[in-house]
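Asker: Here the protein sequences come in this chain order: E and G. Here the first sequence is numbered in our numbering, starting from 2 and rising by one per residue. Here the second sequence is numbered in our numbering, starting from 2 and rising by one per residue. My questions all concern the structure below.
There are 2 protein chains.
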Amino acid sequence: MSVTAPAGFEAAGVAVGLKSTGKPDVAVVVNRGPRKVGAAVFTSNRAKANPILWSQEAIKGGVVEAIVLNSGGANCFTGSFGFQTTHQTAERAAELLGVGAVGIQVCSTGLIGTGDEVFRGKVLDGTEKAIAVLSPDGGEDAARAIMTTDTVPKMAVHEGDGWSIGGMAKGAGMLAPGLATMLVVLTTDAVLEPAEADARLRAATRVSFDRLDSDGCMSTNDQVTLLASGASGVVPDADAFTEALAAVCRDLARQLQADAEGASHAIAIEVVGAASEEDAVEVGRSVARNNLFKAAIFGNDPNWGRVLAAIGTTAAEFDPYQVDVSMNGVRVCSAGGPDRPREEVDLTPRDTHVLIDLHAGDTTATILTNDLTHDYVHENSAYSS
Amino acid sequence: MSVTAPAGFEAAGVAVGLKSTGKPDVAVVVNRGPRKVGAAVFTSNRAKANPILWSQEAIKGGVVEAIVLNSGGANCFTGSFGFQTTHQTAERAAELLGVGAVGIQVCSTGLIGTGDEVFRGKVLDGTEKAIAVLSPDGGEDAARAIMTTDTVPKMAVHEGDGWSIGGMAKGAGMLAPGLATMLVVLTTDAVLEPAEADARLRAATRVSFDRLDSDGCMSTNDQVTLLASGASGVVPDADAFTEALAAVCRDLARQLQADAEGASHAIAIEVVGAASEEDAVEVGRSVARNNLFKAAIFGNDPNWGRVLAAIGTTAAEFDPYQVDVSMNGVRVCSAGGPDRPREEVDLTPRDTHVLIDLHAGDTTATILTNDLTHDYVHENSAYSS
């Protein structure tokens, strides 16, 4: 059900030839109300795609009537023509839905530099076709239409106390968020004011998508959008809602990690004993971005020296000669020196757990990443050809 | 000739079984004077190997009598036993050479975590054997003994005006300097005071090794050491000497780039039109570290969108919609949009030139890097097994 699980939402996904495979490539999600509250977080990459430039401005009033998403082209670095394409997409959707254009969020994903007249024609065509088949059961179709190199659609649902949250996500490469990552649409029928929606979305993404760092590469097009219809008539408990939203985001983040391009391991880097949350995240992210560590995990090699070398490049509070490192439950390094023999570590399971104890405080954070594999190199050396 | 090209130096390289291949693995370079001036720059990784911890302290007086280097084990994260190994190595060399132990620099390279009693015995044995066969012709033997996954020894010589500079380097992975990178020994028979040696070494490495970033991974063991014998009796012109030293360093850096683990392209990322040198270096380094860009070059794909996405993650002064990008002479992106068709770019040569014009000033810097290949993944997933 994904984004159409909460009351007040309709969605659709259609195929208009943006993908050479003929698979669905334009999705629309519409909020039927009664409230049209929206909030979003965007990539912190300073090179932002045209849809981001539009959506950042359009959402300032806290109202989102609908969101149009296309795969098969990022409409990034396509100049003023590309921006006009985004604007025309919003206007076309607004006209068909009988609302104002600033109520329309637009997201695009695919190859950077794609956004010519053919692209524009197909996106406008897809917007019309999707709006014509909007349905309260269209959540899965929408989730399929935003896939690029994803092998499976990503969906999640949470049932709260009289309200619910639904979500869909796409993203299989270039996963390294600043404020947000990938394309994600979250819906809820809870009653939220715009400022509440914004605050709870930021709180939820900070501990979920912001801690997914598959390949260290930050996209130009990432956006996470929350639409709140108020259709349940229930004002949720603030903490319960934020935690539920975070749980849905973590669920989607794990689905993204599980389907990351070419990966053979889904690695959770749990940093404990940190002096601050910032330190824990910096240490986890530094290890997650270390190509030598990532290649070692691919080779089922518990190379803890590379973990310590990566930690050493951070500004976090720690003494290298106090650090412990465990892999899949075996402490291979204690106090910055060898502990259990590396032969005891079994790295053959896809799910991999690296535990780093900095012994510098009592704060914890977990970063999700993937290994560096032959398939990753292959997929990303052949992507645009 | 490498490090024994300048007057006043002897060197040797011997095999003592640190490498499983039986190839040479301990090198010694001795300064016979009359002056024993030394300077060094060290990795800025906070997780430093035992030889770094020793050498940083020992060099504070500005005197280097000799340097002992071993491959086949990094002696990093090997605890106080490992530090004692380094100290004993310095004492053994000092005793045999009839000098003080603080005059001995020690460098190690190889797998992190390697440094047990067997390792210690072999390093001490190698130190003795190398000192026993020191020779004014031993430069190439020394260069071979410090190789790890290097496929060729790296050597350089510069003839100045009455003085000369020699150098050797090793390093094929984990190439991303902070203050220094890899193991490098530079020698000169010019007459230099310790403060001059230090200043000129820092000036030279800042524009050479500091701009080599093969795989974004900073080592725990990197050290660049300059030994000055004064044997020529010539006080060099300061600018001429610094430029010559930088030229030798650039030569060695290019040799390291050419031999980087598994690479199929040697990429020069030239950033022009930057507002400052810091901006130019940050932009070049960000592109050099972007796995998607690196994989695209491996696939001979002139994917300029990934270049712009990487630039967008920096704090440098630029407007994404002013940036031009050329690859091997073809301007594929101008003013942040598509320019020439990607089909015009020939990326089949190993040497690859990426030119980025930020249009934000008049400063330039070039970062050297490599592509991300199947062989890189293979070599680094199998390294310690």
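From the three backbone atoms N, C-alpha and C, an ideal C-beta is built for every residue, glycine too. If you're wondering where the values come from, they're calculated on a predicted model, not measured in any experiment.
1) Between the alpha carbons of residue 3 of chain E and residue 210 of chain G, how many angstroms are there, rounded?
2) Can you grab the Cα-Cα spacing for the pair residue 112 of chain G / residue 48 of chain G, in whole Å?
3) Output the boundary residues of the beta strand (DSSP E) element that contains residue 106 of chain G.
4) Do you know how far the Cα of residue 240 of chain G is from the Cα of residue 361 of chain E?
5) Should residue 344 of chain G be labelled buried (16 or more other beta-carbon atoms within 10 Å of its own) or exposed?
6) Taking DSSP as the reference, what is the three-state secondary structure of residue 72 of chain E?
7) If you measure from the beta carbon of residue 178 of chain E to each beta carbon in chain G, is any gap under 8 Å?
8) Have a look at the DSSP bridge pairing and note the partners of residue 171 of chain G.
9) Does the distance from the C-beta atom of residue 246 of chain G to that of residue 202 of chain G stay below 8 Å?
10) Would you report the Cα separation of residue 156 of chain E and residue 146 of chain E, rounded to the nearest angstrom?
11) Which runs of the beta strand (DSSP E) spanning at least 3 residues fall entirely within the segment 220-286 of chain E, listed in chain order?
12) Tell me, to the nearest whole angstrom, how far the beta carbon of residue 254 of chain G is from that of residue 184 of chain G; I am working on the premise that it is less than 8 Å.
13) Any C-beta of chain G within less than 9 Å: which residues of the segment 209-220 of chain E qualify?
14) With a floor of 4 residues, list each alpha helix (DSSP H) that falls wholly inside the segment 25-103 of chain E, ordered by position along the chain.
15) Compare the C-beta of residue 292 of chain E with all C-beta atoms of chain G and state if any pair is closer than 8 Å.
16) Can you tell me whether residue 179 of chain G is helix, strand or coil according to DSSP?
17) Please list the partners that residue 378 of chain G has in chain E, where partner means a Cβ-to-Cβ separation under 7 Å.
18) Residues of chain E with a CB under 7 Å from the CB of residue 108 of chain G: which are they?
19) So what's residue 194 of chain G in DSSP terms, helix, strand or just coil?
20) So is residue 52 of chain G buried or exposed if we call it buried at 16+ other beta carbons inside 10 Å?
21) Below 8 Å on the Cβ atoms is my guess for residue 186 of chain G versus residue 357 of chain G; work out the distance and round it to an integer in Å.
22) When you compare only the Cα positions, how much space is there between residue 126 of chain G and residue 54 of chain G?
23) Starting from the C-beta of residue 272 of chain E, find all residues in its chain whose C-beta is less than 6 Å away, skip the five residues before and the five after it, and write them out in chain order.
24) Hey, how far is the Cα of residue 382 of chain G from the Cα of residue 298 of chain E?
25) In chain G, what lies closer than 7 Å to residue 79 of chain E by C-beta?
26) In chain E, which residues lie less than 8 Å from residue 240 of chain G when you measure between Cβ atoms?
27) Please compile the residues from chain B whose C-beta is within a distance smaller than 9 Å of the C-beta of residue 113 of chain G.
28) Using a C-beta cutoff of 8 Å, does residue 181 of chain G count as contacting chain E?
29) Compare the C-beta of residue 321 of chain G against all C-beta atoms of chain E and say whether one is closer than 8 Å.
30) Return the CA-CA distance between residue 27 of chain E and residue 105 of chain E, expressed in angstroms with no decimal places.
31) Under the assumption that residue 12 of chain G contacts residue 38 of chain G (Cβ atoms under 8 Å), give the Cβ distance between them as a whole number of angstroms.
32) The beta strand (DSSP E) that contains residue 155 of chain E, what's its start and end?
33) Do residue 257 of chain G and residue 303 of chain G come within 8 Å of each other at the CB atom, strictly closer than that value?
34) Ordered along the chain, which non-local residues of its own chain (more than five positions away) have a Cβ less than 6 Å from that of residue 124 of chain G?
35) Could you tell me the boundaries of the alpha helix (DSSP H) in which residue 332 of chain E lies?
36) By a C-beta neighbour count over all protein chains shown, 10 Å radius and 16 as the cutoff for buried, is residue 260 of chain E buried or exposed?
Answerer: Based on what the coordinates show:
1) Residue 3 of chain E sits at position 2 when you count from the first residue of the first sequence. Residue 210 of chain G sits at position 209 when you count from the first residue of the second sequence. A straight line joining the alpha-carbon of residue 3 of chain E with that of residue 210 of chain G spans about 51 Å.
2) Looking up residue 112 of chain G in the second sequence gives position 111. Looking up residue 48 of chain G in the second sequence gives position 47. The straight-line gap from Cα to Cα measures roughly 14 Å.
3) In the second sequence, the residue the question calls residue 106 of chain G occupies position 105. Element bounds for residue 106 of chain G: 105-109.
4) Position 360 of the first sequence holds residue 361 of chain E. Position 239 of the second sequence holds residue 240 of chain G. One alpha carbon belongs to residue 361 of chain E, the other to residue 240 of chain G, and they sit about 46 Å apart.
5) Taking the second sequence and counting its residues from 1, one reaches residue 344 of chain G at position 343. Counting C-beta atoms within 10 angstroms of its own C-beta, residue 344 of chain G has fewer than 16 neighbours from the protein chains shown and is therefore classed as exposed.
6) Locating residue 72 of chain E in the first sequence gives position 71, counting from the first residue. The answer is coil: DSSP assigns residue 72 of chain E none of H, G, I, E or B.
7) Counting from 1 along the first sequence, the entry for residue 178 of chain E is found at position 177. Note on residue 178 of chain E: pLDDT 45, under 50, position unreliable in the model; the coordinate value appears next. With 8 Å as the cut-off, residue 178 of chain E does not count as an interface residue toward chain G.
8) Here residue 171 of chain G refers to the residue found at position 170 when the second sequence is read from its first residue. Residue 171 of chain G is bridged to G:184.
9) Position 245 of the second sequence, counted from the first residue, corresponds to residue 246 of chain G. Position 201 of the second sequence, counted from the first residue, corresponds to residue 202 of chain G. Less than 8 Å separates the beta-carbon of residue 246 of chain G from that of residue 202 of chain G.
10) Stepping through the first sequence from its first residue, residue 156 of chain E is reached at position 155. Stepping through the first sequence from its first residue, residue 146 of chain E is reached at position 145. When only Cα atoms are considered, residue 156 of chain E and residue 146 of chain E end up about 12 Å apart.
11) Fully enclosed beta strand (DSSP E) runs of 3 or longer: 224-229 and 267-275.
12) Position 253 of the second sequence, counting from 1, holds the residue named residue 254 of chain G. Position 183 of the second sequence, counting from 1, holds the residue named residue 184 of chain G. Distance from residue 254 of chain G to residue 184 of chain G at the Cβ level is roughly 13 Å; contact not present, criterion being Cβ atoms closer than 8 Å.
13) Cβ contacts with chain G come from 216, 217, 218, 219 and 220.
14) With a minimum length of 4 residues, the continuous alpha helix (DSSP H) runs that stay inside the segment 25-103 of chain E are 51-59 and 80-98.
15) As a working mapping, residue 292 of chain E is identified with position 291 in the first sequence. Using beta-carbon distances, residue 292 of chain E counts as an interface residue toward chain G, with a partner under 8 Å.
16) In the second sequence, residue 179 of chain G corresponds to position 178, counting from 1. Only weak support exists for where residue 179 of chain G lies, its pLDDT of 40 falling under 50; the coordinates are left without a value.
17) Here the question's residue 378 of chain G lines up with position 377 in the second sequence. Listed along chain E, the residues sitting closer than 7 Å to residue 378 of chain G by beta-carbon distance are 296, 299, 373, 374, 375 and 378.
18) In the second sequence, counting from the first residue as 1, residue 108 of chain G sits at position 107. Going along chain E, no residue has its Cβ under 7 Å from residue 108 of chain G, so there is no contact; the nearest lies around 16 Å.
19) Taking the first residue of the second sequence as position 1, residue 194 of chain G is located at position 193. In the structure shown, residue 194 of chain G falls within a coil segment according to DSSP collapsed to helix, strand and coil.
20) Translated into the one-based positions of the second sequence, residue 52 of chain G becomes position 51. The residue is buried, with at least 16 neighbouring Cβ atoms inside 10 Å.
21) Stepping through the second sequence from its first residue, residue 186 of chain G is reached at position 185. Stepping through the second sequence from its first residue, residue 357 of chain G is reached at position 356. Beta-carbon to beta-carbon, residue 186 of chain G and residue 357 of chain G are separated by about 34 Å, too far to satisfy the 8 Å threshold.
22) Numbered from 1 along the second sequence, position 125 holds the residue referred to as residue 126 of chain G. Numbered from 1 along the second sequence, position 53 holds the residue referred to as residue 54 of chain G. Each residue's alpha carbon lies about 22 Å from the other.
23) To locate residue 272 of chain E, count along the first sequence from 1; it is residue 271. Around residue 272 of chain E: 281, 284, 285, 357 and 366.
24) Within the second sequence, residue 382 of chain G is the residue found at index 381, counting from 1. Within the first sequence, residue 298 of chain E is the residue found at index 297, counting from 1. Across the structure, residue 382 of chain G and residue 298 of chain E are spaced so that their CA atoms are roughly 7 Å apart.
25) Sequence index remark: in the first sequence, residue 79 of chain E carries index 78 (1-based). For the C-beta of residue 79 of chain E, the chain G residues within less than 7 Å are, from N- to C-terminus, 338.
26) Residue numbering aside, residue 240 of chain G sits at position 239 when the second sequence is read from its first letter. Within 8 Å of the CB of residue 240 of chain G, no CB atom of chain E is found; the nearest one sits about 34 Å away.
27) The question asks about chain B, but that chain is absent: this structure's protein chains are E and G.
28) Taking the second sequence and counting its residues from 1, one reaches residue 181 of chain G at position 180. Annotation note: pLDDT 34 at residue 181 of chain G (below 50); position unreliable, no value reported.
29) Counting from 1 along the second sequence, the entry for residue 321 of chain G is found at position 320. Residue 321 of chain G counts as touching chain E.
30) Translated into the one-based positions of the first sequence, residue 27 of chain E becomes position 26. Translated into the one-based positions of the first sequence, residue 105 of chain E becomes position 104. Between residue 27 of chain E and residue 105 of chain E, the alpha-carbon positions lie close to 14 Å from each other.
31) The sequence position of residue 12 of chain G within the second sequence is 11, counting from 1. The sequence position of residue 38 of chain G within the second sequence is 37, counting from 1. At roughly 18 Å, the Cβ-Cβ gap does not stay under 8 Å, so residue 12 of chain G and residue 38 of chain G are not in contact.
32) Taking the first residue of the first sequence as position 1, residue 155 of chain E is located at position 154. Looking at the DSSP string, the run of the beta strand (DSSP E) that includes residue 155 of chain E is 155-160.
33) Counting from one through the second sequence, the residue named residue 303 of chain G turns up at place 302. Counting from one through the second sequence, the residue named residue 257 of chain G turns up at place 256. Against a cut-off of 8 Å, the Cβ pair of residue 257 of chain G and residue 303 of chain G comes out as no contact.
34) Position 123 of the second sequence, counted from the first residue, corresponds to residue 124 of chain G. Result list for residue 124 of chain G: 71 and 90, in chain order.
35) Taking the first sequence and counting its residues from 1, one reaches residue 332 of chain E at position 331. Counting along the chain, residue 332 of chain E sits inside no alpha helix (DSSP H); it lies in the beta strand (DSSP E) bounded by residues 331-335.
36) Translated into the one-based positions of the first sequence, residue 260 of chain E becomes position 259. The Cβ neighbour count for residue 260 of chain E, taken over all protein chains shown within 10 Å, is at least 16; the residue is labelled buried.
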